[in-house]
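Here the first sequence is numbered in our numbering, starting from 279 and rising by one per residue.
Positions of the beta carbon are idealized from the N, C-alpha and C atoms, including for glycine.
Quick notes on the structure that follows.
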Amino acid sequence: MSMETISAIRGFKDILPAEAGQWLFVEEQARRVFHAFGFRDIRIPILEKTELFARGIGETTDVVEKEMYTFTDRGDESLTLRPEATAGVVRAYIEHALYAADPVARLYTIGPMFRRERPQKGRYRQFYQIDAEILGLDDPRVDAELILMLVHFLGAVGLKDTRVEINSLGCPACRPAFRGAVVAHLQGREEMLCGDCRRRIDTNPLRVFDCKIESCREAVTGAPRLADFLCADCRAHFGTVQESLGLFGVPFSINDRMVRGLDYYTRTTFEVTTDVLGAQNAVVGGGRYDGLVQQLGGPDIPGIGFAIGFERLVSLMRAQEDDFRRTPALFIAALGAQAQKIAFELANRLRLQGIEAEMDYAGKSLKSQMKRADKFGCRFALIIGDREIAENQGVFRDMKNSSQTTVRLDLASITEKLEALQRGAKDLV
RNA sequence: GUGGGUGUAGCUCAAUUGGUUAGAGUGCCGGGUUGUGGCCCCGGAGGUUGAGGGUUCAAUUCCCUUCACUCACCCCA
279 MSMETISAIR
289 GFKDILPAEA
299 GQWLFVEEQA
309 RRVFHAFGFR
319 DIRIPILEKT
329 ELFARGIGET
339 TDVVEKEMYT
349 FTDRGDESLT
359 LRPEATAGVV
369 RAYIEHALYA
379 ADPVARLYTI
389 GPMFRRERPQ
399 KGRYRQFYQI
409 DAEILGLDDP
419 RVDAELILML
429 VHFLGAVGLK
439 DTRVEINSLG
449 CPACRPAFRG
459 AVVAHLQGRE
469 EMLCGDCRRR
479 IDTNPLRVFD
489 CKIESCREAV
499 TGAPRLADFL
509 CADCRAHFGT
519 VQESLGLFGV
529 PFSINDRMVR
539 GLDYYTRTTF
549 EVTTDVLGAQ
559 NAVVGGGRYD
569 GLVQQLGGPD
579 IPGIGFAIGF
589 ERLVSLMRAQ
599 EDDFRRTPAL
609 FIAALGAQAQ
619 KIAFELANRL
629 RLQGIEAEMD
639 YAGKSLKSQM
649 KRADKFGCRF
659 ALIIGDREIA
669 ENQGVFRDMK
679 NSSQTTVRLD
689 LASITEKLEA
699 LQRGAKDLV
């Protein structure tokens, strides 16, 4: 009699040990780089009040309108699994009045986000983001600094063939005029637009710039350019961002059709894109959100941040799993009951010292144990048989070149031998 | 939410115009050779052909439904 099996739900996936090594590597690199840039870890809840996202991201955005995992908790409170991290980070910043001690906060967090979309390449319903936010600084150099850090991080994990695109969305002082001009432009070309874009004229006209349909792209050629509408402040800001990026030789291009889908963005926005991800070409998205803190009930404090799509990043790395595999330093092969006893104790004493040791518990043949050692990728093996026990010795074997030597069967001798070998000692003698 | 593609062993895939007991590689388990792994040889386990229904003497194969996966639209990381 067998029970029916249960699978993970749609769009949710397991990260198995073979892949997890790579994930750990990416996380370590992120922490290392971010710490150097003054960022500190913040851990926030996965579940928040629905209102946080409605107010933060925008009621009419696709994310809030149709992609959130929202449910009513006992007590009739509407809760939502976070679809992104910024709103929660800002909420925590306000709630704990972090600005009171120091308005400037550099925060990062790594964790799962949830959006109920149709899964496809590089898109899952639970997906991980590496999220970084700088609050309390509106200096354009900070925008460049954040992008610099991002590019540096991407380099640290070995990512290639990516592009950085930047744009400025203006601010509440200049965007309305631009928006008005775009609407005027589009209204003369409605028959060229797809159904979605016709609706967007009223709801979110700037999004037409993002549409991939050919006729829509034609409709926006010759449309007003945001760059021409930026107010003096925004223009200066954007200029300094570019200048500062140039200072560090960060390659970028300006994409004045890049409009972000979350309402809170102002001024600088940016994306890191690639060709090899199919339709999901954005690995990183981010931008400035100078009005968000206030929008969420806090003081008037500016902010900027980005989110890296973890799965997309990892799939771009195209690295071999072996590169990140944890391999035990030593495999202890025991022949016979007495040897097993010694092996068991040795293996665990080594582990207590932080040395990864593996052994066979099934009393298999030496051949079988060597196979196992090889499979684990163990660099060295310690073979213990009756002959050796009699002399309190084991055979130390280098799995790579099959050279071997004997070693006393005590913890100190074995540790010493291992360390000598790992330092690169040529001879096993 | 819409459209296309694909579902056969743990994994990668076969199986003629519908036709005997659904095969192979790999992996797994055991054994052989050998006091020392990778090579070689032998054996074994493992399948309700995603599920349900239909057509037929006969369905992995054809039809319908459903589910899953996948790619794309939409949107985004």
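Specify, as a first and last residue, the run of the beta strand (DSSP E) that S356 falls within.
Sequence index remark: in the first sequence, residue 356 carries index 78 (1-based). Residues E355 to L359.
With DSSP collapsed to three states, give me the class of M536.
Within the first sequence, the letter at position 258 stands for residue 536. Coil at M536, not helix or strand.
Do the region 648 to 667 and the region 603 to 616 meet, that is, are 3 or more Cβ pairs less than 8 Å apart?
Counting Cβ pairs under 8 Å, three or more are found: they touch.
Restricting to Cα atoms, I'd like to know which of G641, R369 and D351 is closest to F331.
On the first sequence, residue 331 is found 53 positions in, with the first residue counted as 1. Of the candidates G641, R369 and D351, the one whose C-alpha sits nearest the C-alpha of F331 is R369.
To the nearest angstrom, report how far apart A560 and F526 are at their CA atoms.
Residue 560 sits at position 282 when you count from the first residue of the first sequence. Residue 526 sits at position 248 when you count from the first residue of the first sequence. Their Cα atoms are separated by approximately 23 Å.
Tell me, please, which residues DSSP counts as bridged to I372.
Your numbering for residue 372 matches position 94 in the first sequence. BP columns for I372 are empty, so no partner.
Would you mind stating whether R590 and G400 have Cβ atoms separated by less than 7 Å?
By 1-based counting over the first sequence, the position of residue 590 is 312. By 1-based counting over the first sequence, the position of residue 400 is 122. Yes, they are a contact pair.
Going residue by residue through the region 404 to 467, where are the continuous alpha helix (DSSP H) segments of at least 4 residues, counting only ones entirely within it?
DSSP runs (the alpha helix (DSSP H)) wholly in the region 404 to 467: 418 to 434 and 453 to 465.
Out of Y402, Y386 and S493, which one is the CA nearest neighbour of R393?
Here residue 393 refers to the residue found at position 115 when the first sequence is read from its first residue. Closest option to R393, Cα to Cα, is Y402.
Grab me the residues of Q404's own chain with a C-beta within less than 8 Å of its C-beta, minus the 5 sequence neighbours each way, in chain order.
The count along the first sequence starts at 1 and reaches residue 404 at position 126. Excluding residues within five positions, the ones whose Cβ falls inside 8 Å are G289, F290, K291, P390, M391 and F392.
With C-beta atoms as the reference, is D409 less than 7 Å away from A365?
Numbered from 1 along the first sequence, position 131 holds the residue referred to as residue 409. Numbered from 1 along the first sequence, position 87 holds the residue referred to as residue 365. No, the pair does not count as a contact, with Cβ atoms beyond the cut-off.
If you count every other CB in all the chains shown that lies within 10 Å of the CB of R453, and 16 or more means buried, which is it?
One-based indexing of the first sequence puts residue 453 at position 175. With 16 or more Cβ atoms within 10 Å of its Cβ, R453 is classed as buried.
Which of helix, strand or coil does DSSP assign to V550?
Your numbering for residue 550 matches position 272 in the first sequence. Three-state result, V550: strand.
Look at V461 and I479 and say whether their C-beta atoms are less than 7 Å apart.
Numbered from its first residue, the first sequence carries residue 461 at position 183. Numbered from its first residue, the first sequence carries residue 479 at position 201. A contact, by the Cβ cut-off of 7 Å.
Buried or exposed: S493, going by 16 or more other Cβ atoms within 10 Å of its Cβ?
As a position in the first sequence, residue 493 is number 215, starting the count at 1. S493 should be labelled exposed.
From the DSSP output, in three-state form, read off E634 for me.
Residue 634 sits at position 356 when you count from the first residue of the first sequence. It is coil, neither helix nor strand.
Kindly indicate the opening and closing residues of the beta strand (DSSP E) around Q708.
Here the chain covers residues 279 to 707 and nothing more, so residue 708 does not appear.
Report the residue from Q616, E306, A375 and A455 whose alpha carbon sits nearest the alpha carbon of Y386.
Here residue 386 corresponds to residue number 108 of the first sequence, with the count starting at 1. Comparing Cα positions, the closest option is E306.
If I'm right that I412 touches T546 with Cβ under 8 Å, what's the distance once you round it to whole angstroms?
For the purposes of this step, residue 412 is taken as the residue at position 134 of the first sequence. For the purposes of this step, residue 546 is taken as the residue at position 268 of the first sequence. Not really, about 12 Å apart at Cβ, beyond 8 Å.
Taking 7 Å as the cut-off, decide whether the C-beta atoms of V528 and L426 are in contact.
Here residue 528 is taken as the residue at index 250 of the first sequence, counted from 1. Here residue 426 is taken as the residue at index 148 of the first sequence, counted from 1. Yes, the Cβ-Cβ distance between V528 and L426 is below 7 Å.
Do F743 and G564 have their C-beta atoms closer together than 7 Å?
The question about residue 743 has no answer, for the chain in this structure spans 279 to 707.
Apply the 10 Å Cβ neighbour rule to V707 and answer buried if 16 or more other Cβ atoms are within range, or exposed otherwise.
Taking the first residue of the first sequence as position 1, residue 707 is located at position 429. For V707, the predicted structure reports a pLDDT of 45, less than 50, and the residue's modelled location is therefore unreliable. A value from the coordinates is still provided. Answer is exposed; the Cβ neighbour count stays below 16.
Keeping to the same chain, check which residues put their C-beta closer than 7 Å to that of D541; ignore five residues upstream and five downstream.
Within the first sequence, numbered from 1, the residue matching residue 541 stands at position 263. Cβ within range, chain order: I335, G336 and T339.
Who does M391 pair with in a DSSP beta bridge?
Numbered from its first residue, the first sequence carries residue 391 at position 113. Note: M391 sits in a beta bridge opposite F405.
Excluding five sequence neighbours on each side, which residues of the same chain lie with their C-beta closer than 7 Å to the C-beta of E468?
Within the first sequence, residue 468 is the residue found at index 190, counting from 1. Counting only Cβ-Cβ distances below 7 Å, and skipping sequence neighbours, we find R476.
Out of V537, A585 and T544, state which residue places its alpha-carbon closest to the alpha-carbon of P418.
Walking along the first sequence from the start, residue 418 turns up at place 140. Ranking the options by Cα distance to P418, first place goes to T544.
Assuming I322 is part of the beta strand (DSSP E), what are its boundary residues?
Working through the first sequence from its first residue, we reach residue 322 at position 44. Premise fails: I322 is in no beta strand (DSSP E) and is neither H nor E.
Following the continuous beta strand (DSSP E) through Q682, name the residue where it begins and the one where it ends.
Residue numbering aside, residue 682 sits at position 404 when the first sequence is read from its first letter. Q682 -> beta strand (DSSP E) spans Q682 to R686.
Take Y371 as the anchor and find which of T481, R441, I532 and D578 has the nearest alpha-carbon.
On the first sequence, residue 371 is found 93 positions in, with the first residue counted as 1. If we check each option's Cα against that of Y371, D578 comes out closest.
Measuring CB to CB, does I667 end up less than 7 Å from Q616?
By 1-based counting over the first sequence, the position of residue 667 is 389. By 1-based counting over the first sequence, the position of residue 616 is 338. Yes.
Got a sec, what are the start and stop residues for the alpha helix (DSSP H) I692 sits in?
What you label residue 692 is simply residue 414 of the first sequence in a count that begins at 1. Residues L689 to Q700.
Run the CB neighbour count on H515, radius 10 Å, all protein chains shown included, and call it buried at 16 or more, exposed below.
As a first step, residue 515 is located in the first sequence; it is residue number 237 there, counting from the start. Buried, by the Cβ-count rule.
Can you name, in chain order, every residue of its own chain whose Cβ lies under 8 Å from the Cβ of S280, other than the five neighbours on each side?
Mapped onto the first sequence, residue 280 falls at position 2. Below a pLDDT of 50, predicted positions are generally treated as unreliable, and S280, at 49, falls in that range; no measurement from the model is reported.
Quick check: the region 667 to 684 against the region 643 to 659, are there 3 or more CB pairs under 8 Å?
Short answer: they touch.
Which parts of the region 283 to 345 are runs of the beta strand (DSSP E), unbroken and 3 residues or longer, counting only runs that do not cross its ends?
If we require 3 residues or more, the beta strand (DSSP E) runs fully inside the region 283 to 345 come out as 325 to 327.
Which of the three DSSP states is assigned to T499 in this structure?
Here the question's residue 499 lines up with position 221 in the first sequence. In the structure shown, T499 sits in coil (DSSP, three-state: anything other than H, G, I, E or B).
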